[in-house]
Amino acid sequence: MLNKSVLTLGMILGLTMLLNADMAKEWMRNSWKGYEPFAEHEFVDDMLHISNVQSSYGFGWRSRTYYQAVAGDEVVITASVKGQGEVAFQLQNFAADGRQWLGIAPQTASAALENDWQQKTFRLLVINLKDGVTGRVMPTFLGKHGTELYIKNITVQVFRGNFAGNLMFPRHWLVFADVDRNLEAPVDTIPQEIGGVKGQPMTLNGGLLSLKPYFAKPQLRNCAWLYAEIEAPYACEYTIGAGADYFMALYVNGVKIIDTLQAGNRDYPPHFSNHIANAAIRKGSNIIAVKFLSGSGSNPRISLGGANELRDLSSVVTVTQQDDLDDYEKQGERPGNPKLIEGILTDGIETKCGFGHYSAGSEIFFAGKTYELPAKSGDLLFATGIRLQKLSGKGTMTFDQGGTVSLVLRHSDQEAVLTVDFMQKGQVLQSMPFPKSALPVDIILAISHHEFFVNMLSVQDSRLRAILGKGDFADLKNFSSRIRLDGCEATVDNYFTGLAKREVKSNTVPFKVALDATFDPVKAGWKRIWQDEFDGEQVDWENTWMNSPWSPVPKNRDMAYLKDGILHIRCDFTETPNGKFPFTGRTVGLYSQKRFGYGYYEARVRFTKQPGW
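Going by the numbering used here, the residue at position 361 of the sequence shown is 370; the numbering climbs one at a time, nothing skipped.
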């Protein structure tokens, strides 16, 4: 009999998975001439061994399978690897029919190789490329000159994204403020004026437009119309978010996709994550029109953003109150009858900790406790959480809230990732993968009347993985909160219930870049991992620099040279006023072959006195 829950999961997540048990059947060498002379390779049982990599561009292999994926989805690849050097995964994009090649996505995910087998996770965001809309992707893996790679057990999963498209959201807007709210303004074109009022240019600042200076006096339902334009190289679906203080209607090409003119924004302060909708974008020019009506607040404003801005949100909840806590340091009776053990938290953190080990079939809860959601008018959330040290066995770990809302962690010893599902009444609302290599992890589930947050902060790699969403949870009244273990065992610590607050951070917040005259990375104990003093005879294109991560083919490298310990980059341009571009010429860009996630960067740069860039 077909498992209905598995079918539902597949339909909602749109998850594709393939375990490459037979490397020879599922993967083939990339025959690009840049990889000549081709590296040696051999298949041994279920493993691929690549060696003697002599090409200056290294080697490349590609999947024989094309996976259905659209912009906004995430491809999560796990593999067992060892060797010397680095291995990186990358995507090649195709149209939905799988025939039209659109290009190579610029993002790569890499991992250093070690002598012993290591299970690594590679995460790649699917995007649209300039030549068209992505419908399928082909995973590839790459290595540089001199790399030796052993690889096996490759798993490819596609997780459906929450937001569609990757167009640039407009920053510049034309605002017609203090107009009669009963006037019918155009919603599919940008007008010259509305009711005799001419437009004022405004620029989004941190995702916000403050309209206070444009209204003659503060009053309820002051009206403004806002317009912007999106240029798209192709037709696609695109996610837009908006929040207003306090009423609005948002149109794309004349179609209303967000409307709070009657109900109001509800959430305060306004943020572009408050109301989210998808728009049908056509090739060429697209008009966004917004009707705004102020509320009773003293600072009328609107927050706007697109798919990229929504993805860049880091949705964090902070625990403000712990009503019950079990740190498993003291003996005593507990539901589930766990075995108390002592151990270290993780490698490198040798402090001894107390843990509770629960067997399959156990439940974790505080006896005799029931809970209520915080007041709807406030900003508090009910919160529960635990530190998960280890899961073993095939089964689920379920955070059950009142029998209707749950967070489910699906585990198998044969899989490299946990599947994390937030569910309501049997339906998956949001999902994400969590790599088991990132355990232990601090898990927080927080719920209000109309939204939920799941924060999973890894103790191993310090990375936060989070999902959030909207829903109606008002029927959670006098509910129980417990964790069930079905088919698997768990080692845990710091189980709690309490209250939390939402903290939304965005990389759109303005920041200041300045030279810190007092910071010395050497004195601060920072380890230097890369530098180029340009003290050689020529630019090191072999090991240090490349033309571009998107197009590594050598081009215009003679435009960069070294002299007296300084890198010189020449730009030779001539005016072509009647040509396709106003200037035509040659220059070169230098991109480091090594990639960095974060760190302290220092560069000494001197420009010519003549204008240019």
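Quick reminder that beta carbons are idealized off the backbone N, C-alpha and C, glycines included.
In the structure shown, D268 falls within a strand segment according to DSSP collapsed to helix, strand and coil. As summarised for the region 172-218, there are no continuous alpha helix (DSSP H) elements at least 4 residues long confined to that stretch.
Out of Q109, Q93, T87, the CA that lies nearest to the CA of L122 is found in Q93. In this structure, V328 sits away from F462, with a CB-CB distance that is not shorter than 9 Å. Cα atoms of R396 and Q166: separation of roughly 26 Å, rounded to the nearest angstrom.
When rounded, the separation of the alpha-carbon atoms in Y380 and A78 is 41 Å. With respect to K153, L57 sits apart: the two C-beta atoms are not nearer than 9 Å. With a contact defined as Cβ atoms closer than 8 Å, V53 and P442 miss out at about 29 Å. Judged by DSSP secondary structure, E584 falls within the beta strand (DSSP E) whose first and last residues are 581-584. Judged by DSSP secondary structure, N102 falls outside any alpha helix (DSSP H) and instead within the beta strand (DSSP E) spanning 95-103.
Per DSSP, reduced to three states, the secondary structure at S446 is helical. By the criterion of a C-beta distance shorter than 8 Å, S64 is surrounded in its chain by G43, Y44, E45, P46, F47, A48, H154, once the five residues flanking it on both sides are discounted. Taking the Cβ atoms as the reference, N274 lies roughly 6 Å from G252, within the contact range of under 8 Å.
By the criterion of a C-beta distance shorter than 8 Å, P383 is surrounded in its chain by L389, L390, F391, S457, L508, once the five residues flanking it on both sides are discounted.
With fewer than 16 other CB atoms across the displayed protein chains lying within 10 angstroms of its CB, L473 is exposed. Cβ neighbours of S421 within its own chain (closer than 6 Å, five residues either side excluded): K403. Taking a contact as a CB-CB distance under 8 Å, the pair T407 and D333 does not count as one, their CB atoms being some 19 Å apart. F582 is positioned such that its CB atom lies closer than 9 Å to that of G594. G43 sits in a helix when the DSSP states are folded into three classes.
In the assembly as shown, T585 is an exposed residue. Its beta-carbon has fewer than 16 other beta-carbons within 10 Å.
With 16 or more other Cβ atoms from the protein chains shown falling within 10 Å of its own Cβ, H280 counts as buried. Each of T428, G69, V437, E95 was checked against the Cα of P444, and the nearest Cα belongs to T428. Of all C-beta pairs linking the region 299-318 to the region 174-187, three or more are shorter than 8 Å, placing the two stretches in contact. Cβ-Cβ separation between S467 and F168: approximately 18 Å, too far for a contact (criterion under 8 Å). If you check the CB distance, T143 and F103 come in under 9 Å.
In this structure, the straight-line span from the alpha carbon of D409 to that of G170 is close to 25 Å. For R310, the enclosing beta strand (DSSP E) starts and ends at 310-315. Among the bridge pairs identified by DSSP, E460 is matched with K479. T198 and I296 have their C-alpha atoms some 6 Å from each other. Taking every protein chain shown into account, the CB of C232 has 16 or more other CB atoms within 10 angstroms, so this residue is buried.
In the structure shown, A48 adopts coil according to DSSP, grouped into three states. Between the beta-carbon of M568 and that of Y600 there is about 14 Å, and that puts the pair past the 8 Å contact cut. Rounded to whole angstroms, the separation of the alpha carbons of T74 and E95 is 24 Å. Taking C-beta separations shorter than 6 Å and ignoring five residues to either side along the sequence, the partners of K603 in its chain run W539, following chain order. Burial check for L217: the Cβ neighbour count within 10 Å reaches 16 or more, so the residue is buried. Going by DSSP, A33 is part of no beta strand (DSSP E) but of the alpha helix (DSSP H) stretching over 32-35.
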